[in-house]
Structures are given as structure tokens and as C-alpha cells.
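Here UniProt numbering is used: the first residue of the sequence shown is 1, the next is one more, and so on.
Each residue gets a CB set at the ideal place from its N, CA and C atoms; glycine is no exception.
Comments concern the structure below.
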Amino acid sequence: MNHATQQLVRTIIGVIGNIISLGLFLSPAPTFYRIIKKKSVEEFHPWIYVAGVLNCCLWILYGSPTVHPNSTLVWSINSVGLVLYTIYLSVFIWFAPMAKRLQVLGTLVVVGIVMAVIASPTLSLVHSVDKRGDIVGDIAVIFNICLYASPLTVVVKVFKTKSVEFLPFWVCLAGLLNGACWTTYGFIPFDVHLVVGNGIGACLGLFQVGLHVYYGNCCGNRKAIDDDELKKPNKPSEVQLETV
Numbered sequence: 001m002n003h004a005t006q007q008l009v010r011t012i013i014g015v016i017g018n019i020i021s022l023g024l025f026l027s028p029a030p031t032f033y034r035i036i037k038k039k040s041v042e043e044f045h046p047w048i049y050v051a052g053v054l055n056c057c058l059w060i061l062y063g064s065p066t067v068h069p070n071s072t073l074v075w076s077i078n079s080v081g082l083v084l085y086t087i088y089l090s091v092f093i094w095f096a097p098m099a100k101r102l103q104v105l106g107t108l109v110v111v112g113i114v115m116a117v118i119a120s121p122t123l124s125l126v127h128s129v130d131k132r133g134d135i136v137g138d139i140a141v142i143f144n145i146c147l148y149a150s151p152l153t154v155v156v157k158v159f160k161t162k163s164v165e166f167l168p169f170w171v172c173l174a175g176l177l178n179g180a181c182w183t184t185y186g187f188i189p190f191d192v193h194l195v196v197g198n199g200i201g202a203c204l205g206l207f208q209v210g211l212h213v214y215y216g217n218c219c220g221n222r223k224a225i226d227d228d229e230l231k232k233p234n235k236p237s238e239v240q241l242e243t244v
């Protein structure tokens, strides 16, 4: 295909990827609505969102014109993600006990320091745009894979209970589609960082969807949670608490 057609296809795929990514970024909203309604963070753990702030900052830096030109769709969606994560964490800090507030605020300060340590020398000492992209991209890929893998923290429970109760299907499917879409985007033209990070993410999403197919269908009806779990107050799903 000629260059104009290639750019058009790339833009279309990128827009679709942005829409899917936005859905993933918005998926925790019901959890935070619950926190606001109850005026309590209960057993909620915010660390995946702290990691998400760092991940978004890295991809914003990676997609900037001074590091990796022509990546507007990359930095734009991650800018939206950064805003949403900031809102989520602000809600948490507002309703959390003082000890947890200080923990989150302290960790965010560390995130800021990490970004400064990465960005400052990269932009001031590395004069090649390609090398800048490699440095920031390599680091961003690591965090991207970690976020894609976060739902796997409940896989042990899935195997133990033979139930996908705590592994929401639509979150898993969105992760698969998001990874597949951005992997395709990374091939037009080839961007090793987008392909590797999101390619692994797509594989992890496929594995999670496979668990749904196996335990949701092959093993009959989705097994109910233990009676003890059913007696507990309804809580947000564990995956929702840990998904981008």
C-alpha cells in the first residue's frame, strides 16, 4: 500500500485502540462511585492505579515529538488515562484513613522522582531521537506488561474454585482487543515497543478469555463462590480493582 493509505489505516486502527483503551481506563469508575457513596475505601488497594500513573507518564513521554515523533494517538490516550487515574487516586485519598493517604501521597512523590530521573537525562544528554525512543520505550514496555498481567493475580483463585466469578469477561476481552489493536498499530510502520508490549498483553488477554471459555462452558455453569463469600457484603471484583 502507498504511504497515504498506510497512514490512513494506521490512524483508523489507532482511533479504535484509543476507544478500547478509554473503556479500560473507565472500567474502575463503578468502584470509585461505590467508595464515594459509602464514604469509605473499605479493602480497596490503590497501588495498580499508582502504577498506572507511572505507566501513562512513560507513554506520554514516549509519544512526545522529542522522543518518538508521529505518535499523537499514543500520548493523547495516555494523557486521558493519566487524568482518570489522578481522579481515582484523589477520591481514594479523600476517603482513606490518614495512614493510607500518606502512603499513596508518598508513593506518588516517588513516581514523580522516577519520571524526573528518566526524563531529565534522556532529554538533556541523549541527542538522538531514536536512542531516546529506545530508552523510554524499553522502560514503558516493562510497566505496560505488568499492567496487562495484573488480572492474573486472581488466576490461582480461578483454578482453585473452578469459577471465573472474580475474572469479569468483558474486562478480559477488552484487554485482548486492546492488546491486539495496538499491536497491529505498531506494525504500521513497525514499532518494536508497541508490538512487544501489546503483543504480550494480547496473549495474556487471550489466556484470560480462554479461562472463561474453559471454566464457564467446559466445566458447566460458572461455579458460585463459597458460602462464606456469599455471606460477605458485595465487593467490587478483584480484577476491576487491578485493571487498566
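With 16 other Cβ atoms within 10 Å as the buried cut-off, status of Thr183: In the sequence shown, residue 183 corresponds to position 183, counting from 1. Answer is buried; the Cβ neighbour count reaches 16.
Rounded to the nearest angstrom, how far is the Cβ of Leu176 from that of Ala202, given a contact under 8 Å? Within the sequence shown, numbered from 1, the residue matching residue 176 stands at position 176. Within the sequence shown, numbered from 1, the residue matching residue 202 stands at position 202. Right, their Cβ atoms sit about 6 Å apart.
Would you please state the rounded distance, in angstroms, between the beta carbons of Tyr49 and Tyr85? I believe it to be under 8 Å. Taking the first residue of the sequence shown as 1, we reach residue 49 at position 49. Taking the first residue of the sequence shown as 1, we reach residue 85 at position 85. Right, their Cβ atoms sit about 5 Å apart.
If we ignore side chains and look at the alpha-carbon of each, how far apart do Arg101 and Thr31 end up? Start at 1 with the first residue of the sequence shown, and residue 101 comes out as number 101. Start at 1 with the first residue of the sequence shown, and residue 31 comes out as number 31. Each residue's alpha carbon lies about 18 Å from the other.
Can you tell me which of the three DSSP states Phe166 falls into? To locate residue 166, count along the sequence shown from 1; it is residue 166. Note: Phe166 maps to coil in three-state DSSP.
Sequence-distant residues of its chain with Cβ nearer than 6 Å to Asn198 (five each side left out): Start at 1 with the first residue of the sequence shown, and residue 198 comes out as number 198. For Asn198, where only same-chain residues beyond five positions count, the Cβ hits under 6 Å are Gly179, Trp182 and Thr183.
Option nearest Asp130 by Cα separation, candidates Gly14, Gly17 and Pro69: Along the sequence shown, read from residue 1 onward, the residue named residue 130 stands at position 130. Looking at the Cα atoms, Pro69 is the closest of the given residues.
Taking all protein chains shown into account, do 16 or more other C-beta atoms lie within 10 angstroms of the C-beta of Asn2, making it buried, or fewer, making it exposed? As a working note, residue 2 is residue 2 in the sequence shown. It counts as exposed.
Residue range of the alpha helix (DSSP H) that includes Ser120: Locating residue 120 in the sequence shown gives position 120, where the first residue counts as 1. Note, Ser120: alpha helix (DSSP H), Met98 to Leu125.
Close-in-space but distant-in-sequence residues of the same chain around Ile16 (CB under 8 Å, 5 per side omitted): As a first step, residue 16 is located in the sequence shown; it is residue number 16 there, counting from the start. Counting only Cβ-Cβ distances below 8 Å, and skipping sequence neighbours, we find Cys181.
Range covered by the alpha helix (DSSP H) that runs through Val154: Within the sequence shown, the letter at position 154 stands for residue 154. No alpha helix (DSSP H) contains Val154, which DSSP labels as neither H nor E.
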